[in-house]
Structure formats: C-alpha cells, structure tokens
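Visitor:
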Amino acid sequence: MEFLEVIHVSRSFGPVNALLEISFTVHRGELFGLIGPDGAGKTTLFRIVASLLLPDEGKVLLKGHDVAKDYKQVRRIIGYMPGRFSLYHDLTVEENLSFYATVFGTSLKESAAYVHRVYSPLIPFRKRLAGKLSGGMKQKLALSCALIHRPEFLVLDEPTTGVDAVSRKEFWEMLEELRDMGITILISTPYMDEAGLCDRVALIDKGKLLQTGSPSEIVRTFPAKLYVIRGENLYSLLGRLRKSPEVKYAFMFGREIHLVFRREPDDPARWLGPLTGTVDGTFSIDPLEPGMEDCFVELMGKKEPVDGEENV
Amino acid sequence: MRTILFLLQKEFLQIFRNRLMLPVIFVLPLVQLLILVHAATLEMKKIDLVVVNRDLSTWSGRLAQKFTASPFFRVQDAGNNQEAAQELLRKGQADMVMVIPAGFERNMMREGEESVQWLVDAINGTTAGLSYAYASAILADFHRELLQETGYSAGMDLPSGINVRERYWYNPKLNYKIFMIPGIMVLLVTIIGMFLSALNLVREKELGTIEQINVTPIRKYQFIIGKLIPFWVIALFDLSVGLTIGYFLFNMPILGSLPVLFAFASLYLMVILGLGLFISTMASNQQQVMFIGFFFIIVFILMSGIFTSTETMPAWARTVNIINPLAYFMRVIRMIILKGSGLTDIGREMIAIGIYAVLAMGLAVWRYRKVT
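Line by line, the protein sequences give chains A and B. Residue numbering for the first sequence follows the working numbering, beginning at 176 and increasing consecutively. Residue numbering for the second sequence follows the working numbering, beginning at 983 and increasing consecutively.
(1) So is I1335 of chain B buried or exposed if we call it buried at 16+ other beta carbons inside 10 Å?
(2) For chain A, is any of its Cβ atoms less than 7 Å away from the one on T1191 of chain B?
(3) Give me, in chain order, the residues of the same chain whose beta-carbon lies closer than 7 Å to that of V1019 of chain B; leave out the 5 immediate sequence neighbours on both sides.
(4) Can you name the residues of chain B whose CB is closer than 7 Å to the CB of Y255 of chain A?
(5) What does DSSP give as the partner residue(s) for A377 of chain A in the beta ladder?
(6) Are there three or more Cβ pairs, one per stretch, closer than 8 Å when the stretch 180 to 190 of chain A is compared with the stretch 340 to 359 of chain A?
(7) Quick one: give me the first and last residue of the beta strand (DSSP E) that H183 of chain A is part of.
(8) Using the Cα positions of L318 of chain A and T451 of chain A, report the straight-line distance between them to the nearest angstrom.
(9) Specify, as a first and last residue, the run of the beta strand (DSSP E) that V435 of chain A falls within.
(10) Would you say T281 of chain A faces chain B, with C-beta separation under 7 Å as the test?
(11) Which same chain residues, not among the five before or five after I362 of chain A, have their C-beta less than 6 Å away from its C-beta?
(12) Distance, Cα to Cα, V1034 of chain B vs Q1130 of chain B?
(13) Would you mind sorting V472 of chain A into buried or exposed? The rule is 16 or more other CB atoms within 10 Å of its CB.
(14) When the Cα atoms are used, what is the spatial distance from K1027 of chain B to A1066 of chain B?
(15) Hey, does R1185 of chain B have any beta-carbon neighbour from chain A nearer than 7 Å?
(16) Taking only three categories from DSSP, how would you classify Q1058 of chain B?
(17) Since V1242 of chain B contacts I1318 of chain B with CB under 8 Å, what's their CB separation in whole angstroms?
(18) Do L194 of chain A and T219 of chain A come within 7 Å of each other at the CB atom, strictly closer than that value?
(19) Tell me which residue opens and which closes the alpha helix (DSSP H) that P462 of chain A is part of.
(20) Shortest alpha-carbon distance to I986 of chain B belongs to which of A:E180, A:L412 and A:V278?
(21) Which residues does DSSP list as the beta-bridge partners of Y255 of chain A?
(22) Tell me whether the beta-carbon of T359 of chain A lies closer than 7 Å to the beta-carbon of E232 of chain A.
(23) Give, in chain order, every residue of the stretch 1251 to 1276 of chain B whose Cβ lies closer than 7 Å to some Cβ of chain A.
(24) Answer with yes or no whether the minimum CB distance from L195 of chain A to chain B is below 7 Å.
(25) For T364 of chain A, which beta-bridge partners are listed by DSSP?
(26) Whose CA, out of A:I323, A:K284, A:A444 and A:G371, lies closest to the CA of K344 of chain A?
(27) Say whether chain A places a C-beta atom closer than 7 Å to the C-beta of F1213 of chain B.
(28) Which whole-angstrom value describes the C-beta separation of L1221 of chain B and A1342 of chain B, a residue pair presumed to lie in contact below a C-beta threshold of 8 Å?
(29) Take every Cβ of the stretch 459 to 468 of chain A, pair it with every Cβ of the stretch 394 to 410 of chain A, and state whether three or more of those distances are shorter than 8 Å.
(30) Could you tell me the distance, in whole angstroms, from the CA atom of L179 of chain A to the CA atom of P365 of chain A?
(31) Looking at the structure shown, is A399 of chain A part of a helix, part of a strand, or coil, going by DSSP?
(32) By the criterion of Cβ-Cβ separation under 8 Å, what are the contact partners of K992 of chain B in chain A?
(33) Would you give the residue range spanned by the alpha helix (DSSP H) that M1091 of chain B belongs to?
(34) Would you say F998 of chain B faces chain A, with C-beta separation under 7 Å as the test?
(35) Measuring alpha carbon to alpha carbon, tell me which of A:K284, A:Y246 and A:M349 ends up nearest P296 of chain A.
(36) Do M256 of chain A and A340 of chain A count as a contact pair if the criterion is CB distance below 7 Å?
So, in structure tokens, the structure goes:
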C-alpha cells in the first residue's frame, strides 16, 4: 500500500478546470514537491488532499483511508499549513501553539521533541503576538502548529512564497531534518530551484500533471540539446532568434538566453554570428546541462500546441 | 465539551485583548442609555411661537400672556406685522405663528366666538401635531376662563358639564424616559448579539484561520457554540448594566420579575445570534456583514415599535412584525418592567420567540454546514 495515492482527481470551479485527471503517488518518508506556476492548481489539489475540498471525480487515499470519507482519521495523520498565514494574529506565539495542541488533545510538553527543531528559534519571542512576527518567524510558527499533534504527513502549501532567501534555505534544511525523522512531506512551490531539493517532484500546469519523477530523472529525460547564449542586449537578440527557422524555442533565463534548436547547426557559434550582426556587444553560445525550469518549459510546450514561431 | 471550553477560553482571550472591542462592550451601553434616553424624546419644550396681535385689546393681550406663561412655549411678539412673523417661520426661527385678528375682543363679547389663525411649520409632522395640540389645550383653557368671567355660561350649551380627570396607568407621570430605556436596551442587546457574532465569525474566514481550524478535530457544532456563547454572555451582561443604570439613574421602576426577563432575553438572543451566524455565512468579509446587517436591523428597529406603537401600524406591517424578533422583545421588556407582567402574560410571546430561535438557529447552522 502506497502512503498517499492521488487517483484521477478532477475538480472544476464553474467553467474553470482547476484540476484534470491528476494521478500520482507519494512513498512513505519522502519529500515530494509539487512544482508549478501560480494558478496551476496546486492549492486546489492540496485542499483536496487535506480533506478541505471534495474532488468532482477521483479520490485520494492516505494510508488506505479515503480522505473524503474518513476525514476524521485523516486529519489526525495530516499536518496542514495553508498558503496564507492563518494563525490568530491577536494571540501570542505560545497561545497559538497551545491552542492547537489542546484542540488535538495534546500539549506543548508532550510534543516538545517533535516541534523542538522548528519551535526553538521562536522561544525568545513566545510572548509576542503572532501578527507582529516577521515573515520567516510566522512561517516557523505555522509549521510548529502544523506539527503539534505529531502528524505522520505534512502538507505544506507554498510555504516559501514571499520569504527571503536566507529563511528559505533555513526552511528547507528544517524540512530535510523532519523527513529524516520519518515524516512524509508534500510541498508545493512555484520556485524551480527548490525542486532540486525534493526527493521526487511532480510538475503541474493549468490543472494538468506534466511529469513525475526524481529531479535527476526529469532532467535526464530532457529530450533535446540545450544551449545558453550570454552577452549584452539579449532582448534585441531574442526576437531575431525566435524568427530563425533553425530555432525551436528560445527564452530569457535570468541574464541568459536558453535555446533549443529545431535543426542543430554543425557549429552553433558560426551560426550565431550573422544573427548578432547589427546588435551591439559580443555573444557566446555554449551547450548547457538542462535544469528543472528548462524541463518545465519543454514540457509546457509539449502540452500546449502553440505556433512554432512565437513558441514560449 | 473540553474542546468547547478551549474554544471559549481562546475567544474570551481575543475579545479582551481587542482594544476596540472592549469599549464597544462596556461603553456602548452607557453611552446609548445616557445620551439616547435624553435625546430621543418626544416631550416638547420651548416651541418657538410668534404672536401677531392685531387686536391690541385686553383679552388678546391676556391670550398672548397665557402662552408666555406656559413652559412649553417661547413667545416672540411681532406686533401686528404678519409678514415679519411669516418670514421668521420661513427662516426656521419660529415653529408656529398665532394671528389674533382685529376685533377679537369685540367679537368674543358679542358672538361668543372668534377664529384665531395658526401657521405651523410641519416639516416634522409629529412635532407639528404635538405643538398644535398643546396650543389648542391652552386656547381651550383660555376660552373657559373667559366664559366663567363673563357669566356667559349660565345655562348655555357649554361643554363644562363633563369634567375629565385622567389617570395614566403604568407610567403615571408620562415620563418619556421610562418608556425609552427598555426600548434602547433592546437595541443594545440586538446590536451586540447580531453584529459582534457575525463580524467575529467572518473574521475567521477573512484571515483564513477557519482553514486551519477545519483540519483540526474540532467539530462544526463545537466551533459554532464556542463562537456564539461569548456574545450571548456579553449581551446578557450589557442588559444587566442597562437595567442597573435605568434603575439607579433614571428611577425606572422594575415591576416584573428579573428571572423572567432574563429567560426571555436568553431565548431572544438565540434568535439574534442565529441571524448573526446566518449573515456570516452569506458574507465573505466584514464590510459585507455590516451592509447586510444594517439592512436587517434598520427595518427591524423602525418596525419594532421603539418610538411608535405597533398597534397603530397598518395591517401588513403588523403581519411583517410577526417575523420581527425586535417587536416581540420590545413589547415584552416593557410589559415586564413597566407593567409587571409575569410568565403567564408573556406566554404567547415566549412560545413564539422559542419557535423562532429554533428556526433561526437551525437555518443558520444548516447553511453554515453547507457553505463550509
């Protein structure tokens, strides 16, 4: 029996299909990431998994329990952290935590070992109102509250959105420690760079699942050869590249252009030369190991038949 | 049960920590009673009266004098210039103008009757009517005096045969405040119960905390009970404060039994809290609560009989009042406090509000379950 099984789950809101035939499994003890841009359907899926929303079709099994029917057992197994900070602003750190503890019939003392790693940085601020905490601390408090009843399964909806880089890194370190304690974690994020930190990921866009696998698997299955172009005035160049018949697609990636050929030229550097003709500056083109975002772009292109010229 | 206790503990902690909520709970009853009771009065004092005296006789002078002597009127003399008097009325500096025609005394002597013209600013129909009633009473009094002096009364067709002696029951001095205090307490309890509960519930929705609560083993009924009990307690507390102020500050008699009053208030609050919960299921933020709440409450208040008697309302309005919880409480609280009515006198209202409580709560809980 798999730890979590999502089986053909569909859900629509009026005419909008938020989720279409989503299926994947999460193994016990895994840190599983759901990666996708805003509006991909991540929150809807998480609310279904957390038994807060019923799917139109399909079902979700957690340790064999149907989350829609056995929601009482399921809620004891799950620790859910919604995307928005949703603790009581007008209660202190300590009051929030002990409220959730008592509601679950436990206490801060009993769960101390469980939440200690996450909660200990907050101890100096335990008398502070939750609404007055910084973003990173709010997030730690929310995670502590999600852990207070010693769940086997953590469902974290975009916990790192809007959090500074240092806190994000720290947060992921914490998640790895929690996983090593034996907690299975399902996390969603719009940041591709965080995908590499997961054991396995599922890529999702517009309510459809694009691919599932470990980050290295996904990167390995990248079907084409990827090139990177570096230089100045890249925006002017991008337009020309997209018009070129050899180019399958090209897109800005930070301060670089990532490019996949439709017909690969023998010498890409020589091929690039004439195209850069009237654009100022020097350019270099080199092969590149694809990252998660490149895979995502490739997969999105596959699902969405757009006209070749303006692809991506 | 334990869960509900924890919820209550959390709820009270939040209420007492809220800097805005505390004044609402403790100051609102004081302000409402102290200000509204004095302000919302129908007793008329200092009606601005302009006298145009075209007769300049002894009798016309005495008539004007009679108004000057009355505490209800503040008299200005416009000589015999009616234009000037009407100008004052137009400017809003006068409420009424009395024109005593030339030949007033002579005609009174000779014919035993004469007309006096009244011009009344009737923007507010109620005040105009009342002012005119006061004025008529003074005129009638004056007329009686004249008749007695002139001896005209000897056996003629005079209305002096019937002597009216009135006694006002339940409010012997016609003290308007004593009539108003119970009414204002009804408003107070209603506003506290309906708005605070609805606002509080919808705030959980607005902040998203309801999401976190929903994944805990807290059951919906526990959550609702935990939310409604605090406001039930607070509203009853405010009712006690109101009664205390009324009793000690305004010398309002409390003739009926307090336990009966509180029993009725408790049931009534179930209706109001149910409505509050119902509103919160319709609204997704606090602004919407305010708007929906105001819609209900303004209609309910104006039809409840706080100022005007419900019995004089048209038939359709009395029918509508069957679903107006305020109308029941407004009637019952006055019956208990001012009239000393007991359980048997208010039995019908008690049963009606009990049914209403079950319906309102049932509907609200049903909708709440459906929505979330």
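The C-beta atom is built at its ideal place from N, Cα and C for all residues, glycine as well.
Guide: Straight from the coordinates:
(1) On the second sequence, residue 1335 of chain B is found 353 positions in, with the first residue counted as 1. Flag for I1335 of chain B reads buried.
(2) Position 209 of the second sequence, counted from the first residue, corresponds to residue 1191 of chain B. T1191 of chain B counts as touching chain A.
(3) By 1-based counting over the second sequence, the position of residue 1019 of chain B is 37. Contacts found: K1159, M1162, I1163, I1166 and F1232.
(4) Looking up residue 255 of chain A in the first sequence gives position 80. Going along chain B in sequence order, the residues near Y255 of chain A (Cβ under 7 Å) are V1197.
(5) On the first sequence, position 202 is the one that residue 377 of chain A refers to. In DSSP, A377 of chain A forms a bridge with A:L209 and A:T387.
(6) no
(7) Working through the first sequence from its first residue, we reach residue 183 of chain A at position 8. Segment L179 to F188, the beta strand (DSSP E) holding H183 of chain A.
(8) Within the first sequence, the letter at position 143 stands for residue 318 of chain A. Within the first sequence, the letter at position 276 stands for residue 451 of chain A. In a straight line, the C-alpha of L318 of chain A is about 51 Å away from that of T451 of chain A.
(9) Numbered from 1 along the first sequence, position 260 holds the residue referred to as residue 435 of chain A. That run of the beta strand (DSSP E) goes E431 to F436.
(10) Position 106 of the first sequence, counting from 1, holds the residue named residue 281 of chain A. No, no contact with chain B.
(11) Your numbering for residue 362 of chain A matches position 187 in the first sequence. So the qualifying residues of the chain are G208 and L331.
(12) Within the second sequence, numbered from 1, the residue matching residue 1034 of chain B stands at position 52. Within the second sequence, numbered from 1, the residue matching residue 1130 of chain B stands at position 148. So the two alpha carbons sit approximately 26 Å from each other.
(13) Position 297 of the first sequence, counted from the first residue, corresponds to residue 472 of chain A. V472 of chain A comes out buried.
(14) The sequence position of residue 1027 of chain B within the second sequence is 45, counting from 1. The sequence position of residue 1066 of chain B within the second sequence is 84, counting from 1. Using only the alpha carbons, I get a separation of about 24 Å.
(15) For the purposes of this step, residue 1185 of chain B is identified with residue 203 of the second sequence, where counting begins at 1. Chain A, which has no Cβ nearer than 7 Å to the Cβ of R1185 of chain B, makes this no.
(16) Mapped onto the second sequence, residue 1058 of chain B falls at position 76. Correct three-state label for Q1058 of chain B: strand.
(17) As a first step, residue 1242 of chain B must be located in the second sequence, where it is residue number 260. As a first step, residue 1318 of chain B must be located in the second sequence, where it is residue number 336. Between I1318 of chain B and V1242 of chain B the Cβ distance is about 6 Å, and since that is below 8 Å, they are a contact.
(18) The count along the first sequence starts at 1 and reaches residue 219 of chain A at position 44. The count along the first sequence starts at 1 and reaches residue 194 of chain A at position 19. Yes, the pair counts as a contact, with Cβ atoms nearer than the cut-off.
(19) Within the first sequence, residue 462 of chain A is the residue found at index 287, counting from 1. Here P462 of chain A belongs to no alpha helix (DSSP H); instead the beta strand (DSSP E) covers F458 to L463.
(20) Residue 986 of chain B sits at position 4 when you count from the first residue of the second sequence. Answer by Cα proximity: A:V278.
(21) Taking the first residue of the first sequence as position 1, residue 255 of chain A is located at position 80. In DSSP, Y255 of chain A forms a bridge with A:V330.
(22) Counting from one through the first sequence, the residue named residue 359 of chain A turns up at place 184. Counting from one through the first sequence, the residue named residue 232 of chain A turns up at place 57. No, they are not a contact pair.
(23) none
(24) As a working mapping, residue 195 of chain A is identified with position 20 in the first sequence. Cβ-Cβ to chain B under 7 Å: no for L195 of chain A.
(25) Start at 1 with the first residue of the first sequence, and residue 364 of chain A comes out as number 189. According to DSSP, T364 of chain A bridges with A:I210.
(26) Working through the first sequence from its first residue, we reach residue 344 of chain A at position 169. The shortest Cα separation from K344 of chain A among A:I323, A:K284, A:A444 and A:G371 belongs to A:G371.
(27) Numbered from 1 along the second sequence, position 231 holds the residue referred to as residue 1213 of chain B. Chain A contact via Cβ: absent.
(28) Your numbering for residue 1221 of chain B matches position 239 in the second sequence. Your numbering for residue 1342 of chain B matches position 360 in the second sequence. That pair is no contact at about 19 Å.
(29) yes
(30) On the first sequence, residue 179 of chain A is found 4 positions in, with the first residue counted as 1. On the first sequence, residue 365 of chain A is found 190 positions in, with the first residue counted as 1. When rounded, the distance between both Cα atoms is 22 Å.
(31) Here the question's residue 399 of chain A lines up with position 224 in the first sequence. Residue state, collapsed to three classes: coil.
(32) Your numbering for residue 992 of chain B matches position 10 in the second sequence. Those are Y263, L266, E270 and F274, listed as they occur along chain A.
(33) Sequence index remark: in the second sequence, residue 1091 of chain B carries index 109 (1-based). Per DSSP, M1091 of chain B belongs to the alpha helix (DSSP H) from F1086 to E1093.
(34) Here residue 998 of chain B refers to the residue found at position 16 when the second sequence is read from its first residue. No, its Cβ sits nowhere closer than 7 Å to a Cβ of chain A.
(35) As a first step, residue 296 of chain A is located in the first sequence; it is residue number 121 there, counting from the start. Comparing Cα-Cα distances from P296 of chain A to each of A:K284, A:Y246 and A:M349, the minimum goes to A:M349.
(36) As a working mapping, residue 340 of chain A is identified with position 165 in the first sequence. As a working mapping, residue 256 of chain A is identified with position 81 in the first sequence. For A340 of chain A and M256 of chain A, no; Cβs fall outside 7 Å.
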